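Converting from the sequence shown to my numbering requires adding 1020 to each position, the first position being numbered 1. Idealized CB from N, CA, C, for every residue including glycine. Owing to the predicted nature of the structure, the values given are computational and were not obtained by experimental measurement.
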Amino acid sequence: MAKASQDSALTGLKKAAILLVSLDTTMASNLLSNMDTETIEKISMEIARLGEIPRETREKTLEEFYNTVLAAKYIDQGGVDYARVLLEKALPTELAGQILNDLNTSIQQVPFHFLHRADPDNLFSFIESEHPQTIALILAHLEPTMGASILGKLSPKNQIEVVKRIAKMEQTTPEAIKEVEKSLEIRLSAIVSQDLESSGGIESVSSILNLADRTTEKGILENLEEEDPELVEEIRRLMFVFEDIQLVDDKGMQSVVKEIEQDDLALALKSASEELKNKIFNSMSERASDGIKESMDFMGPVKVADVETAQQKIVDVVRRLEESGDLIISGKGGGDEIIV
1021 MAKASQDSAL TGLKKAAILL VSLDTTMASN LLSNMDTETI EKISMEIARL GEIPRETREK
1081 TLEEFYNTVL AAKYIDQGGV DYARVLLEKA LPTELAGQIL NDLNTSIQQV PFHFLHRADP
1141 DNLFSFIESE HPQTIALILA HLEPTMGASI LGKLSPKNQI EVVKRIAKME QTTPEAIKEV
1201 EKSLEIRLSA IVSQDLESSG GIESVSSILN LADRTTEKGI LENLEEEDPE LVEEIRRLMF
1261 VFEDIQLVDD KGMQSVVKEI EQDDLALALK SASEELKNKI FNSMSERASD GIKESMDFMG
1321 PVKVADVETA QQKIVDVVRR LEESGDLIIS GKGGGDEIIV
């Protein structure tokens, strides 16, 4: 009895820690990659504190995770009532109800959660006549893929207005979110009840534009640059990061390498993934790549700030060559689209 009570008292973070150490490393890494830095740090601390985990506790945590994922899938397919019918066929009624109540509470805390399952075309028709500030608030709370789809359908003038507002949006009060949700009365599903909600900002804009088609992205940034060049520079820096260099075509990579000092390249690669290192080394002669590897080996410990500065120099070269049409970057904007 005491054991059951102990299991039920486990915090969400501890359950997450138990789940991650119970999975194989690849699956655990995939789960962590979808979390923000703060959450990863908290879970990592919990993992460090874990002692020996009883087999029963481990199995119960995995079962709870499976049931929660199953419930979320059913809700996504047909709503809460549909999920309840299916879960009650597979689980005891009380357990099914508890899982759904916990999930429903979490869902209701997400602003505009009732729009997440909407078809982008229908959602666009629904919000296109709204004020740019309202559209900005909605897009800042949608998945970047859906946000990019809707942004691409707006008029060029509205695109600029919406992007500016998302970029300059910081924290939005629950009252402001509630007011917008109420204005979308027909689709209203829940009222947000929480403290200050982080909304928009430069990162939100860069995520959306990264998934927009190249024409939309370029048009928005060029027009916005006329009004606020510093803002556009900040957005661009977040839109293309060092690891994204893997997306550069092989011929373009050779052009990039020719413009980078050997010391900068060696420094930049100190924290790069093996995939990116191989990509760059394969674009060089064997002698040149051996020279870079030797420089890295003899470099010793370096400051993170110095590595990031060197990486930014390379990113700047890539961006300049892309703008001049001397290289192409594949994979942005979805699927196999090639961006010239």
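Self-check item: With 16 other Cβ atoms within 10 Å as the buried cut-off, status of residue 1055
Solution: In the sequence shown, counting from the first residue as 1, residue 1055 sits at position 35. It is exposed - the Cβ of residue 1055 has fewer than 16 other Cβ atoms within 10 Å.
Quiz item: Which residues in the same chain have their Cβ closer than 7 Å to the Cβ of residue 1078, if we skip the five residues on either side of it in sequence?
Solution: Taking the sequence shown and counting its residues from 1, one reaches residue 1078 at position 58. The answer, listed in chain order, is 1038 and 1042.
Quiz item: Roughly how many angstroms separate the alpha carbons of residue 1310 and residue 1282, rounded to a whole number?
Solution: Taking the sequence shown and counting its residues from 1, the one referred to as residue 1310 is at position 290. Taking the sequence shown and counting its residues from 1, the one referred to as residue 1282 is at position 262. Using only the alpha carbons, I get a separation of about 11 Å.
Quiz item: Residues in its own chain within less than 6 Å of residue 1330 by CB, not counting five upstream and five downstream?
Solution: One-based indexing of the sequence shown puts residue 1330 at position 310. Closer than 6 Å at the Cβ level, and outside the excluded window around residue 1330, lie 1284, 1287 and 1288.
Practice problem: Given a cut-off of 8 Å, decide if residue 1226 and residue 1251 are closer than it, judged by their beta-carbon atoms. | Solution: Against the sequence shown, residue 1251 aligns to sequence position 231. Against the sequence shown, residue 1226 aligns to sequence position 206. Contact: no.
Quiz item: Hey, how far is the Cα of residue 1159 from the Cα of residue 1263?
Solution: To locate residue 1159, count along the sequence shown from 1; it is residue 139. To locate residue 1263, count along the sequence shown from 1; it is residue 243. When rounded, the distance between both Cα atoms is 26 Å.
Practice problem: Locate the alpha helix (DSSP H) running through residue 1154, then write down its first and last residues. | Solution: The residue you call residue 1154 lines up with position 134 of the sequence shown. That run of the alpha helix (DSSP H) goes 1152-1160.
Quiz item: Three-state secondary structure (DSSP) at residue 1240?
Solution: Your numbering for residue 1240 matches position 220 in the sequence shown. The three-state secondary structure of residue 1240, taken from DSSP, is helix.
Exercise. Would you mind stating whether residue 1167 and residue 1236 have Cβ atoms separated by less than 8 Å?
Key: The residue you call residue 1167 lines up with position 147 of the sequence shown. The residue you call residue 1236 lines up with position 216 of the sequence shown. Their beta carbons are not under 8 Å apart, which means residue 1167 does not touch residue 1236 by this criterion.
Quiz item: To which residues of the same chain is residue 1253 closer than 8 Å at the C-beta, ignoring the five residues directly before and after it?
Solution: Position 233 of the sequence shown, counting from 1, holds the residue named residue 1253. Same-chain partners within the cutoff: there are none.
Exercise. Within its chain, find whatever has a CB closer than 7 Å to the CB of residue 1268; leave out the 5 residues flanking it on each side and keep chain order.
Key: Residue 1268 sits at position 248 when you count from the first residue of the sequence shown. Excluding sequence neighbours, residue 1268 sits near 1276, 1338, 1347 and 1349.
Quiz prompt | DSSP three-state assignment for residue 1349, whether helix, strand or coil | solution = Along the sequence shown, read from residue 1 onward, the residue named residue 1349 stands at position 329. The three-state secondary structure of residue 1349, taken from DSSP, is strand.
Quiz item: When you compare only the Cα positions, how much space is there between residue 1076 and residue 1034?
Solution: Locating residue 1076 in the sequence shown gives position 56, counting from the first residue. Locating residue 1034 in the sequence shown gives position 14, counting from the first residue. C-alpha separation (whole angstroms): 15 Å.
Practice problem: Kindly list the residues whose CB is nearer than 7 Å to the CB of residue 1060, restricted to its own chain and excluding five residues on each side of it in sequence; keep chain order. | Solution: Your numbering for residue 1060 matches position 40 in the sequence shown. Excluding sequence positions up to five before and after residue 1060, its CB lies within less than 7 Å of the CB of 1052, all in the same chain and listed in chain order.
Self-check item: Of the residues 1045, 1164, 1058 and 1036, the one placed nearest residue 1073, counting alpha carbons only
Solution: Mapped onto the sequence shown, residue 1073 falls at position 53. Nearest option by C-alpha distance: 1036.
Quiz item: So, helix, strand or coil for residue 1182, using DSSP?
Solution: Within the sequence shown, residue 1182 is the residue found at index 162, counting from 1. Looking at residue 1182 - three-state DSSP - the assignment turns out to be helix.
Quiz item: So, helix, strand or coil for residue 1268, using DSSP?
Solution: As a first step, residue 1268 must be located in the sequence shown, where it is residue number 248. Strand at residue 1268.
Exercise. State the Cα-Cα distance for the pair residue 1062 and residue 1175, rounded to the nearest angstrom.
Key: Reading the sequence shown from its first residue, position 42 is the one you call residue 1062. Reading the sequence shown from its first residue, position 155 is the one you call residue 1175. Cα to Cα, residue 1062 sits roughly 43 Å from residue 1175.
Self-check item: Integer-rounded CB distance, given that residue 1290 should sit under 8 Å from residue 1327
Solution: Here residue 1327 refers to the residue found at position 307 when the sequence shown is read from its first residue. Here residue 1290 refers to the residue found at position 270 when the sequence shown is read from its first residue. The C-beta separation of residue 1327 from residue 1290 comes to about 5 Å, placing the pair in contact by the 8 Å criterion.
Quiz item: Within 10 angstroms of its Cβ, does residue 1367 collect 16 or more other Cβ (buried), or is it exposed?
Solution: This structure leaves residue 1367 out entirely; the chain is present only between 1021 and 1360.
Practice problem: Look at the alpha carbon of residue 1146 and the alpha carbon of residue 1040, and state the distance between them as a whole number of angstroms. | Solution: Position 126 of the sequence shown, counted from the first residue, corresponds to residue 1146. Position 20 of the sequence shown, counted from the first residue, corresponds to residue 1040. Roughly 40 Å separates the two Cα atoms.
Self-check item: Residue burial classification, residue 1319 (beta-carbon count within 10 angstroms, cutoff 16)
Solution: Locating residue 1319 in the sequence shown gives position 299, counting from the first residue. Exposed: under 16 other Cβ atoms inside 10 Å.
Practice problem: Could you have a look at residue 1085 and say whether DSSP puts it in helix, strand or coil? | Solution: Taking the sequence shown and counting its residues from 1, the one referred to as residue 1085 is at position 65. The DSSP-derived three-state label of residue 1085 is helix.
Quiz item: residue 1256 to residue 1113, Cα distance in whole Å?
Solution: The residue you call residue 1256 lines up with position 236 of the sequence shown. The residue you call residue 1113 lines up with position 93 of the sequence shown. Cα atoms of residue 1256 and residue 1113: separation of roughly 51 Å, rounded to the nearest angstrom.
Quiz prompt | Reduced DSSP secondary structure (H/G/I, E/B, other) of residue 1310 | solution = Position 290 of the sequence shown holds residue 1310. Looking at residue 1310 - three-state DSSP - the assignment turns out to be helix.
Quiz item: In three-state terms, what does DSSP make of residue 1166?
Solution: Translated into positions along the sequence shown, residue 1166 becomes position 146. Residue 1166: helix per DSSP, three-state reduction.
Exercise. Go ahead and label residue 1187 buried or exposed: buried means 16 or more other beta carbons lie within 10 angstroms of its beta carbon, across all protein chains shown.
Key: Locating residue 1187 in the sequence shown gives position 167, counting from the first residue. The Cβ neighbour count for residue 1187, taken over all protein chains shown within 10 Å, is at least 16; the residue is labelled buried.
Self-check item: Span separating the alpha-carbon of residue 1169 from that of residue 1308
Solution: Start at 1 with the first residue of the sequence shown, and residue 1169 comes out as number 149. Start at 1 with the first residue of the sequence shown, and residue 1308 comes out as number 288. Spanning the alpha carbons of residue 1169 and residue 1308 requires a straight line of approximately 43 Å.
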